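J.: Each position in the sequence shown, counted from 1, maps to that position plus 259 in our numbering.
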Amino acid sequence: AELLERNKLTGDDIAWLVPHQANLRIIDATANRMGLPKEKVMINIQKYGNTTAATIPLCLWEWRNELNKGDNIVLAAFGGGFTWGATLVKWAY
């Protein structure tokens, strides 16, 4: 939510949330906090589990045909010790 506020955006402005696939509880909480419906969240943890550093690139690869030029995409990662990071990108392809 902080990332959206800083960029004067709302969940309506975001095409996709691409979260680290740690567990569904964290993914759901992140989407809810950002005001995003499940349809805008890339989830593949049920297929691969937590693939650590590969979770975000793997999601982008799997959903590559759903991404459109100009889409606002949030990449969000979570780690041990309550660490997290997120970035906002505009899809260029």
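Positions of the beta carbon are idealized from the N, C-alpha and C atoms, including for glycine.
All figures in this text were calculated on a predicted structure; none of them were measured in a lab.
#1: Mind checking residue 280: buried by the 16 CB within 10 Å criterion, or exposed?
#2: Taking only the alpha-carbon atoms, compute the straight-line gap between residue 322 and residue 338 and give it to the nearest angstrom.
#3: Reducing DSSP to helix, strand and coil, say where residue 332 ends up.
#4: Verify whether the separation of the beta carbon atoms of residue 348 and residue 315 is less than 8 Å.
#5: Helix, strand or coil for residue 346, going by three-state DSSP, please let me know.
T.: Reading off the structure:
#1: Buried, because 16 or more other Cβ atoms sit within 10 Å of the Cβ of residue 280.
#2: Roughly 23 Å between the two C-alpha positions.
#3: Residue state for residue 332 is assigned as strand, using DSSP reduced to three classes.
#4: Contact: no.
#5: Three-state result, residue 346: strand.
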